Every structure is written in C-alpha cells, then in structure tokens.
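Residue numbers (this note's numbering): 1389 to 1921.
Some notes on the structure that comes next.
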Amino acid sequence: MKTNEGLQDREKKPLETPETAGKDVLRNVFRDRVFNGIYQGTVWQLHRYGINCKLSGSVYAVSEIDGAIPLIHGPKGCAFHQRLTPRKVYAPVYNLPCTDLDENDVIYGGEEKLRKKIYEVYHRFHPSLIAVLPTCISGLVGDDVQGIITEVKVPCDILYIPSEGFAHRSRESLDLLMRDYAESWKDPTRSPAYDLRGCGHEEVMFSLVDQLMEEQDIVENLVNIESFGRFTYGFESELQEIKHIFDEMGVRVNLTLPTCTVAEIKRAPAAELNIVTRNIRWAERMKENFGIDFLRKWFFYFGFDGVEKFYLDVASKLGLDGEADAAVKKEKMQALGELARYQRMFARDDFAVSTQGFFFTPYLVNMYVQDLKLPIKYLCVDTQLLKGLNISDRTIEIMMKNMEEAFLNWDLGFEVVMNPTLDEMSEIAKNVDHVLSDRITPPLYEKGGGIGMIDISTTRYLLFRTGFRGIVEFGKYLASVLHRGQTKRNRKPIISRFDYDTTYYPLLADPMCMASQEMWFTMWGMKSEKGGI
1389 MKTNEGLQDR
1399 EKKPLETPET
1409 AGKDVLRNVF
1419 RDRVFNGIYQ
1429 GTVWQLHRYG
1439 INCKLSGSVY
1449 AVSEIDGAIP
1459 LIHGPKGCAF
1469 HQRLTPRKVY
1479 APVYNLPCTD
1489 LDENDVIYGG
1499 EEKLRKKIYE
1509 VYHRFHPSLI
1519 AVLPTCISGL
1529 VGDDVQGIIT
1539 EVKVPCDILY
1549 IPSEGFAHRS
1559 RESLDLLMRD
1569 YAESWKDPTR
1579 SPAYDLRGCG
1589 HEEVMFSLVD
1599 QLMEEQDIVE
1609 NLVNIESFGR
1619 FTYGFESELQ
1629 EIKHIFDEMG
1639 VRVNLTLPTC
1649 TVAEIKRAPA
1659 AELNIVTRNI
1669 RWAERMKENF
1679 GIDFLRKWFF
1689 YFGFDGVEKF
1699 YLDVASKLGL
1709 DGEADAAVKK
1719 EKMQALGELA
1729 RYQRMFARDD
1739 FAVSTQGFFF
1749 TPYLVNMYVQ
1759 DLKLPIKYLC
1769 VDTQLLKGLN
1779 ISDRTIEIMM
1789 KNMEEAFLNW
1799 DLGFEVVMNP
1809 TLDEMSEIAK
1819 NVDHVLSDRI
1829 TPPLYEKGGG
1839 IGMIDISTTR
1849 YLLFRTGFRG
1859 IVEFGKYLAS
1869 VLHRGQTKRN
1879 RKPIISRFDY
1889 DTTYYPLLAD
1899 PMCMASQEMW
1909 FTMWGMKSEK
1919 GGI
C-alpha cells in the first residue's frame, strides 16, 4: 500500500548544495583522505595479504550501524586482528567483544559462552543491536548460534550473520567476474548480475533484510541508497548532491544502508525503490519479502550522460517519466558550463594516462576524453597486478581486446600501450606535456625512470560519484595542478627513494616481503572451485 504520509509530516529543511553551504567538494575529499586514508598505500596490501576474511567485511559493515555492537563468537585472536578493518585502518573497532573460544570449547562446544557473553555485552554497552559473528572455529564445531539467539532474552535486537571465514569465495570468482565485465563493455545490457558472497558486507545486508526489517506502508517517491560507508572519500558531500538532485525531482531519501540507525533499518521497507551500489542479492530478497523494486548503479552510469541516465532511470522506476527531465537537465547544463573553462585549458596540451585494467577502465577513460576533453595521445594499461589476483591470461586477453574495441567504437583516437617498461614510459613522457596516473605508482616511476607524474589516484574517485559536481571538481583540481607546473618539478619525495617491486607496488623489493607475498598467493591459489582447502 502506497501513501504520502510521512513526507508531509517530515521537517522540510532546505537541502544545501556544497556551494550554498560554503563547502568545497574537492576539499571534502582530501579532508577525508587525511583522516581516513593515512595508511592508504598499505590498506590494500593489508586487505590482500592479511585482513581479508569474510569476518573482516562483516565487522566493518556492522560498525557502520549506529547503536550496533559486533560480537565475535570465536577465539580471541580473531577479535584482536579484526579490530583493524581496511576501510578505516586509522580508527580501530575498539568495542569488539569476543566469546574467547579455546581448546576445550572446540571439544565441548561454545554455546554456553555465547549465551553468557550476549547478556554481558548488553549490560556493558546497552546497544540497540547485537550482531553475532561466528568464526571458522565456531562454524566447524557446529554451535547452534541461531538457537542461542532465539533463547536469549535481552531488551535489544540480536542479529545472526553467517560470517564464518571458511565460506569465503573461491579464487576463480574474481576471474569469472572480470570476464563477465569485459563482455559487458561491448554490450552494457549484458551487465553481470554478480554476487560476491564471502566479502562479509553482503552477508550483513542479507541478514538485515531477513531478520531486522519490518513491514511498512510504502511511501511514494521514497528511496533507500546502499552506501559503501561513511569512511568513503567524500561520502557526505556526494550524499548531499544526490539529495539535492532528488529534491528537485520530487524524490526523497529514506536512509543510506547500512550507514544509519537500527530504527531506520527497520523502516527501510517504507521506500518505493532501493538503489544498489554493490551486490544485488539483498535487494532481490527485499523485493521478495516486501515487494520493493531496485535499480543497480552500473558502470555505464558514469560521466555526464551516464549520470543523467541514472537519474532518469530512477524517475522511470518511480513513475515520474518526463517530470524529472527538466530538473536533471538543469543540473547537467550548469555543471557543463562550469567545466568549459577547464576544458579550454586542457586543450592546449597533450596527455598520457597510466591506468590499470579493471572493472571500469574503459568508461573512466571515456570520461577523460569525452567529458573533460583531455587530448590523450597514449593510454598505458598495466595488467601485471591482475595476475597476482588470480586473473587468468585468457581473461586479461579478453579484457584488452574488448577494451580496445570500445575505444575504437567511441573514436577516442589514442594509442594503447600494454604493460610499458620504465624505459618505454620515459619515452612516452618525452612526447607529451603531462602524464597522469590514476593509481598509486608515481614514486615508482619517479625513482626508476625520472618520470614526473600527476597523481590522480585520490581525485579520480570524484568521477565515480552519483552526480555532476564530481566531474567539475576533478577538472578544477587538474587545472590547478597544471597551473602550478607540478609535473615539471625537480625535487624527489622521500617515498620515491625506496626500492619497490614493480608488479606489487607498494610492496618493497625486499626478499622477506616478496617471500611472504609468494607464500600467500600459493596458499590462496589452493582454494578453488575444483577442490583444495
């Protein structure tokens, strides 16, 4: 049943854009990098080689919920290591109680410890929600976690999340996903309906739908937005722009999931539409349970035309065809007008771009050329890291082939150079005015080849935003860097003096580091669909 009640009763505060609020979107992103990305260069290595089991993702997702406490049902070592989560390494999850299972519990079971710990957690923290996260040990022992949760009576909600690490995804999953994405670059209608079970985040979302959400009267033109979390660069300013555009369209945001309160999660089924940014499994279950439709934010929603299409597709899902067109067009044209001054500046020079072949590479490069009007002569694509992620040579071959076909169809007009050496990069740099790198590698090139690069690894996140302002702010940032002549500097930062491994940057080219890396990938390679650990 649909209703307009709730919207009329809500306090309608004017939604401020970053401009009217006196806030700069770009400054917001760099502020978040300072406070949230202090260890940015090592975060991905931590996730890749250490803190990467399903439990890690579940701990982070639960920590996003206001008033929730994650309770780990397992050994104390699991709780100790999961206090650090790659999404916010600078801020450990201090409130992370654990049942402290030991050898005796492996034999006799840990159900009684879990029962007592739930009571203890409630009386200590008084949370709105206790999320019980089993580990490999409790999963293998076979503790009846769901049964204990049903028996325990405390004045708060208790959530069971299947976070056992041994149920992590197989090593082939990313390879298959990358191949599906490569095929969809040629035909976006074939976008993969992937499901990365085992990341931890997806398990939390699914559990919230099944165990916490409650039946609601659906409010017209109300939407839920799945978020990557408040620790994503520029999260607040991006959400502000989304709300501003939605407000112009006559659409309201109910909540950002899971970055909200427990009470808000219970009211999530009041929305008419879910906007999905990660996996769709939870949204499919929500549609099954409550009849709420969803829209997946795919890679083809990037760029000015893509963002416009996204908002028009949202309008279509809500039955607002034609009513939102003028509002979206107005925002788009205003942004294009602001970007024009930077486009004229870029047109004076030649550029080379160094990037990695990954999910969104073709559409990201298309934005560089079509939206920002960068005169790109060379696109240098590094696929070495993909091999370290168990991406097969065949999949990489398909990716490069489809990528080049997309560039040809779009008539982008640059030369594609695959896995250039330092000498080749040095020669390319001599033939252009500026070299941009959208990955964290400039110190590597500056040391090995004396190649001055503009590091856009942080600011490129602006191009993935669900709005037009991010593209403008990226152009503003790049124009300011070019104006300062940063690429012609003679000084070398201290970080460029280290010896890095050329494939697994920022790992140091140190025998102990590389031996550990090799051991890790050998062990990970044993975990496959065809058997193994």
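Glycine is no exception: its CB is placed at the ideal position from the N, C-alpha and C atoms.
The structure displayed is predicted, hence computed values, not measured ones.
A straight-line Cα-Cα distance of about 16 Å links K1818 and R1736.
Here the C-alpha atom of E1591 lies approximately 42 Å from the C-alpha atom of I1764. Beta-bridge pairing by DSSP links E1614 to L1645. One alpha carbon belongs to V1611, the other to I1495, and they sit about 48 Å apart.
In this chain, the beta strand (DSSP E) harbouring K1765 covers I1764 to D1770. For H1511, the enclosing alpha helix (DSSP H) begins and ends at E1499 to F1513.
When DSSP states are grouped into helix, strand and coil, D1545 belongs to the strand group. A1467 and G1710 have their alpha carbons spaced roughly 52 Å apart. Within the segment 1636 to 1697, the runs of alpha helix (DSSP H) at least 4 residues long that lie entirely inside it are, in chain order, 1650 to 1654 and 1669 to 1678. Restricting attention to G1863, I1536, V1860 and M1566, the CA atom closest to the CA of F1748 is found in M1566. Looking only at L1484, S1526, G1873 and P1899, the smallest Cα-Cα distance to G1462 is reached by S1526.
Per DSSP, reduced to three states, the secondary structure at S1742 is strand.
Between the C-alpha atoms of V1607 and L1661 there is a straight-line separation of about 10 Å.
Pairwise C-beta distances place the segment 1718 to 1735 out of contact with the segment 1651 to 1661, as fewer than three of them are shorter than 8 Å. Between the segment 1765 to 1780 and the segment 1802 to 1814, the count of C-beta pairs closer than 8 Å reaches three or more; the two stretches touch.
Closest option to K1574, judged by alpha-carbon separation, among G1497, P1750 and D1781: P1750. Taking the CA atoms as reference points, N1492 sits about 11 Å from K1501. Counting the other Cβ atoms within 10 Å of the Cβ of L1528 gives fewer than 16, which makes it exposed. Here the alpha carbon of F1746 sits roughly 44 Å from the alpha carbon of H1514.
Secondary structure at E1803: strand, using DSSP grouped into helix, strand and coil. Between the alpha carbons of E1624 and D1490 lies a distance of about 42 Å.
In the displayed model, D1887 falls within coil according to three-state DSSP, outside both helix and strand.
Closest by C-alpha distance to Y1448, out of L1484, T1783 and G1858, is L1484. The beta carbons of K1442 and S1595 sit no closer together than 8 Å. DSSP, reduced to helix, strand and coil, places V1753 within a helical segment of the structure shown.
Annotated three-state conformation of S1446 is helix, per DSSP. For the set D1701, E1696 and N1754, the Cα lying nearest the Cα of F1682 is the one of D1701. DSSP places V1820 outside both helix and strand once states are collapsed to three, so it counts as coil. DSSP places V1592 in the uninterrupted alpha helix (DSSP H) bounded by H1589 to Q1599. The Cβ atoms of R1512 and V1540 do not sit closer than 8 Å to each other. Distance from the CA atom of Q1905 to the CA atom of I1518, rounded to whole angstroms, is 36 Å. For L1706 against V1639, the beta-carbon gap comes to about 7 Å, under 8 Å, which counts as contact. Taking 8 Å as the cut-off, the beta carbon of F1862 is found no closer than this to the beta carbon of T1846. Secondary structure at S1825: strand, using DSSP grouped into helix, strand and coil. Ranked by Cα distance from P1543, the first of Y1510, D1531, K1697 and E1672 is Y1510. The C-beta separation of M1755 from G1691 comes to about 5 Å, placing the pair in contact by the 8 Å criterion.
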